[in-house]
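Data block below; observations after.
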């Protein structure tokens, strides 16, 4: 029995999607051999991924979806993708948060995962334009009561996007009057040429305000975001202090990214070296003390 038969559906579908994107298309019989599962299981996985809009089924297999630069998938569509990678990223990014600091969390499914790891960090002030992120803190406080040291959450106003972020002039004005110690920023796409980008013009402007109001900018993005370019760029890689990504990011991309920003943290990769993580003294790939970045 192949060990891949024991993979969870989520993990198996992430492997399938990576294979489709890497090769530009795969056949069902290739996936059955690679994953050690039945033809029917692969077809069900392809059906599920096609419903999420992340690949297109063709006769005998699947190909990537050619997305327009203006295409903006909704929160639910994105929330089922790269779950293990996002969890690794969130766990690592959370170690960068010191008690008693003022942080900002942008919209996105990775910042949503990060919010769950911050519930026990005392005395935080959390500014967010994400309805989902705010709900994480509010739900925790409702279930456990208003305990000492619970986070103070500031939810900006604005117009709601498909990704459940609040954007536009109201959000921009609120953010522009604030100052955060650290911004944790989810992105639609990241590349050396286009920097950080999004398909939503209003969200791009709100993200610019978030970047301008932060002392430190930490981007949390899984490896599939590298090379993706949305309609509007809102920051260069030079404006990013730290990128937290996952072990799926190819070595060539790691080297290219490291040329442009201060620190690269690869979550779930203990072999990360000093050149990649910006000086992690023990080479563990862990974030370490927040003062280090």
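In full-length UniProt numbering, the protein residues as written are 1 to 293.
Note that beta-carbon positions come from the ideal geometry of N, C-alpha and C, so glycine has one too.
Would residue i and residue j qualify as a contact pair, given that the criterion is a beta-carbon distance under 7 angstroms?
i, j, result
"residue 121", "residue 99", "yes"
"residue 37", "residue 28", "no"
"residue 246", "residue 89", "yes"
"residue 161", "residue 203", "yes"
"residue 219", "residue 185", "yes"
"residue 150", "residue 141", "yes"
"residue 45", "residue 12", "yes"
"residue 154", "residue 167", "no"
Between the C-alpha atoms of residue i and residue j, what's the straight-line distance to the nearest angstrom?
i, j, result
"residue 229", "residue 221", "13 angstroms"
"residue 206", "residue 96", "23 angstroms"
"residue 209", "residue 169", "11 angstroms"
"residue 47", "residue 235", "36 angstroms"
"residue 289", "residue 93", "With a pLDDT of only 42 at residue 289, under 50, the local geometry of the prediction cannot be trusted, and the value read off the model is given with reservation. Their backbone Cα atoms lie some 11 angstroms apart in a straight line."
"residue 237", "residue 191", "8 angstroms"
"residue 130", "residue 114", "12 angstroms"
"residue 101", "residue 40", "50 angstroms"
"residue 110", "residue 60", "33 angstroms"
"residue 244", "residue 258", "12 angstroms"
"residue 107", "residue 164", "7 angstroms"
"residue 231", "residue 225", "14 angstroms"
"residue 84", "residue 16", "14 angstroms"
"residue 193", "residue 240", "14 angstroms"
"residue 254", "residue 227", "12 angstroms"
"residue 249", "residue 242", "15 angstroms"
"residue 182", "residue 105", "9 angstroms"
"residue 14", "residue 148", "40 angstroms"
Buried or exposed: where does residue i fall if 16 or more other Cβ atoms within 10 Å of its Cβ makes it buried?
i, result
"residue 8", "exposed"
"residue 201", "exposed"
"residue 296", "Given that the chain is displayed from residue 1 to residue 293, the structure contains no residue 296 and the question cannot be resolved."
"residue 172", "buried"
"residue 340", "Here the chain has residues from 1 to 293 only, and residue 340 is not among them."
"residue 199", "buried"
"residue 223", "buried"
"residue 132", "buried"
"residue 52", "buried"
"residue 139", "exposed"
May I ask you to list the residues that DSSP assigns as paired with residue i?
i, result
"residue 232", "198"
"residue 61", "27, 58"
Which complete beta strand (DSSP E) runs does the region 177-204 hold, if anything under 3 residues is left out?
180-186, 189-191, 195-198
Within the region 79-131, ranges of the beta strand (DSSP E) (whole runs, at least 3 residues)
102-105, 125-128
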